[in-house]
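Peer 1: Once you've had a glance at the structure underneath, I'll fire off some questions.
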Amino acid sequence: MTISCENGFTYTGRELEAMSEASNYHRWILQIFAPYLGRHLVEVGAGLGSFSELIVSNHACETLSLVEPSGEMYQQLDLRARRMPTMPRVQVYHASFPEAAPLITACGSPDSIIYVNVLEHIEDDKAELEAVYRVLSDHGRVFLFVPALAWLYGAFDERVGHLRRYGKDELEEKLRRAGFQIIVSAYFDLVGIAPWWIKYRLLKSATLEPAGVKFYDRFIVPAARRFESVIKPPIGKNVIIVAEKR
């Protein structure tokens with residue numbers, strides 16, 4: 025299943041469905057975000073809602089706004105949101121973030137805006153970060169999780185609409201130029217570099233198989249998470265950042 029979005033990038037259903045099974049991976053991301061999350065959250069590019077559901081289950085927020093530009097995915101996300109608990113108050117928007125922002129802020133400025141595997145799809149990421157800065161409340165925070173290392177970019181990245189893979193310093197600089205102060209910044213998933221390079225650069229694969237995702241999530245992620253909680257990796261397959269509005 026392939027879903028084309030209004031802003032020009034393409035979601036590939038098989039990959040999204042595969043990643044929705046990566047519960048340990050998502051919990052690892054949320055564990056890093058959690059100490060800095062506020063009470064009024066926005067998740068941009070919420071997709072099928074797997075990370076959204078994890079937030080609701082593990083974080084005591086008051087409101088959660090889910091923004092999704094894909095028409096078909098919005099429908100699935102909206103159905104999933106209707107099954108979530110009545111608290112926090114969950115609202116789903118079929119729009120890009122700049123389009124949804126006036127509707128979200130009509131009820132008050134959010135203090136936390138989350139992008140998990142989304143910013144790399146957005147052509148003008150500079151303008152996106154500036155929009156986030158304007159919308160956030162004073163001392164509000166943006167939470168970013170993106171693919172890293174330009175030399176890992178391959179056919180899979182291109183097929184799923186990744187416009188770039190980031191360097192940590194590069195993304196930090198973009199955030200500073202938008203007005204943010206860096207709170208947390210780290211490479212993530214050092215162990216994942218080698219299998220990714222072999223599969224997507226050496227073998228030039230363009231697919232992400234659910235069985236492979238489940239295996240990695242079940243057997244590799246728990247060990248990698250423990251290792252990186254003790255030793256900060258010098259590089260990683262992804263970058264994770266929390267930044268605060270000055």
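Under the numbering used here, the first residue of the sequence shown carries the number 25, and numbering increases by one thereafter. No residue lacks a Cβ here, since even glycine has one placed at the ideal position from N, Cα and C.
Where does Tyr139 sit, in a helix, a strand or coil, going by DSSP?
Peer 2: In the sequence shown, the residue the question calls residue 139 occupies position 115. If DSSP states are grouped into helix, strand and coil, Tyr139 belongs with the strands.
Peer 1: Shortest alpha-carbon distance to His186 belongs to which of Met111, Lys192, Ile146, Val166?
Peer 2: The count along the sequence shown starts at 1 and reaches residue 186 at position 162. Minimum Cα distance to His186 is reached at Ile146.
Peer 1: Name the one or two DSSP bridge partners that Ser209 has.
Peer 2: Counting from 1 along the sequence shown, the entry for residue 209 is found at position 185. In DSSP, Ser209 forms a bridge with Ile265.
Peer 1: Looking only at DSSP bridge pairs, what is Phe204 linked to?
Peer 2: Taking the first residue of the sequence shown as 1, we reach residue 204 at position 180. BP columns for Phe204 point to Lys269.
Peer 1: Does the separation of the CB atoms of Asn48 and Pro171 fall below 7 Å?
Peer 2: Translated into positions along the sequence shown, residue 48 becomes position 24. Translated into positions along the sequence shown, residue 171 becomes position 147. For Asn48 and Pro171, no; Cβs fall outside 7 Å.
Peer 1: Looking at the unbroken beta strand (DSSP E) that takes in Arg113, where does it start and where does it end?
Peer 2: The sequence position of residue 113 within the sequence shown is 89, counting from 1. 113–117 is the extent of the beta strand (DSSP E) around Arg113.
Peer 1: Tell me, which residues are paired with Leu168 by DSSP?
Peer 2: Translated into positions along the sequence shown, residue 168 becomes position 144. Per DSSP, Tyr139, Ile265.
Peer 1: Grab me the residues of Leu78's own chain with a C-beta within less than 6 Å of its C-beta, minus the 5 sequence neighbours each way, in chain order.
Peer 2: Locating residue 78 in the sequence shown gives position 54, where the first residue counts as 1. Cβ neighbours of Leu78 beyond the five flanking positions: His50, Leu54.
Peer 1: Strictly by DSSP, which residues pair up with Leu90?
Peer 2: Counted from its first residue, the sequence shown places residue 90 at position 66. Partner(s): Glu67, Val116.
Peer 1: Could you tell me the distance, in whole angstroms, from the CA atom of Arg63 to the CA atom of Cys131?
Peer 2: Reading the sequence shown from its first residue, position 39 is the one you call residue 63. Reading the sequence shown from its first residue, position 107 is the one you call residue 131. The alpha-carbon atoms of Arg63 and Cys131 are separated by roughly 13 Å.
Peer 1: What is the rounded straight-line gap between the Cα of Gly191 and the Cα of Thr129?
Peer 2: Looking up residue 191 in the sequence shown gives position 167. Looking up residue 129 in the sequence shown gives position 105. Straight-line Cα distance between these residues: approximately 31 Å.
Peer 1: With H, G and I counted as helix, E and B as strand and the rest as coil, what does DSSP make of Tyr177?
Peer 2: Indexing the sequence shown from 1 puts residue 177 at position 153. Coil.
Peer 1: If you draw a straight line from the alpha carbon of Val237 to that of Ser209, how long is it in whole angstroms?
Peer 2: Within the sequence shown, the letter at position 213 stands for residue 237. Within the sequence shown, the letter at position 185 stands for residue 209. So the two alpha carbons sit approximately 25 Å from each other.
Peer 1: Among Phe212, Ala235, Ala267, Leu65, which has the Cα closest to the Cα of Ala247?
Peer 2: Here residue 247 is taken as the residue at index 223 of the sequence shown, counted from 1. The candidate whose alpha carbon is nearest that of Ala247 is Phe212.
Peer 1: Mind checking which residues open and close the alpha helix (DSSP H) that includes Lys150?
Peer 2: Numbered from 1 along the sequence shown, position 126 holds the residue referred to as residue 150. Counting along the chain, the alpha helix (DSSP H) containing Lys150 begins and ends at 149–159.
Peer 1: As a quick exercise: from Ala70, Glu123, Ile56, Leu65, pick the residue whose alpha carbon is nearest that of Met282.
Peer 2: Since the first residue shown for the chain is 25 and the last is 270, residue 282 is missing from the structure and cannot be characterised.
Peer 1: Taking all protein chains shown into account, decide if Ala125 is buried (16 or more other Cβ within 10 angstroms of its Cβ) or exposed.
Peer 2: To locate residue 125, count along the sequence shown from 1; it is residue 101. The residue is buried, with at least 16 neighbouring Cβ atoms inside 10 Å.
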